[in-house]
Amino acid sequence: MAENKNVGFLKIVLIIYAIVSLVYGIGYLLVPDFLVNTSGGQPVFHGWLRWSGGVLIALGIGAVLVYINPQHQGIFVTTIALGCFLCGLGLLWALINREEGAKLWFTVLPAIIVFALAILLWWGRSKAKDILYPKSD
């Protein structure tokens, strides 16, 4: 019974991660110019944003698949937790070296979200270790 609760927490975090990844991924894949203009940043070659949108969509779909069957998926959960942490560091770096005209909220909000997701994914990973890394008999 406790094992189900532990996996339940991880599943909630995976769904949140999937939603965030899919929303940003669809935005970067389909309307990168809108996002750049909204952020107040300088125009960027859209190819640089579109490919990252595709990667985010794939990771979001992967999170949904792990939600459906989390057994033996510890490496994926570890990878996306690390990805969130590194993304947060990148956004923190962007915040420190702010581009003139860039809107503060467009960097701060995602930084908070990805740092929170990194912590929650790591916590969920540690709570659900028995499912993510089952012992071989």
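Letter by letter, the sequence shown follows residues 1219 to 1355 in our numbering.
Every residue gets a Cβ at the ideal spot worked out from N, C-alpha and C, and that includes glycine.
Only a predicted model underlies this, so the values are computations on that prediction, with no experimental measurement involved.
Residue 1219: buried (16+ other C-beta within 10 angstroms of its C-beta) or exposed? At residue 1219 the pLDDT is 43, less than 50, meaning the model places this residue with poor confidence and gives no usable figure here.
Buried or exposed for residue 1344, please, with buried defined as at least 16 other CB atoms from any protein chain shown within 10 angstroms of its CB. exposed
How is residue 1232 classed by DSSP in three states: helix, strand or coil? helix
Assuming contact is defined by CB atoms lying nearer than 9 Å, are residue 1283 and residue 1246 in contact in what I supplied? no
Tell me, to the nearest whole angstrom, how far the beta carbon of residue 1299 is from that of residue 1340; I am working on the premise that it is less than 8 Å. In this structure residue 1299 touches residue 1340 by the C-beta definition: roughly 5 Å separates them, less than 8 Å.
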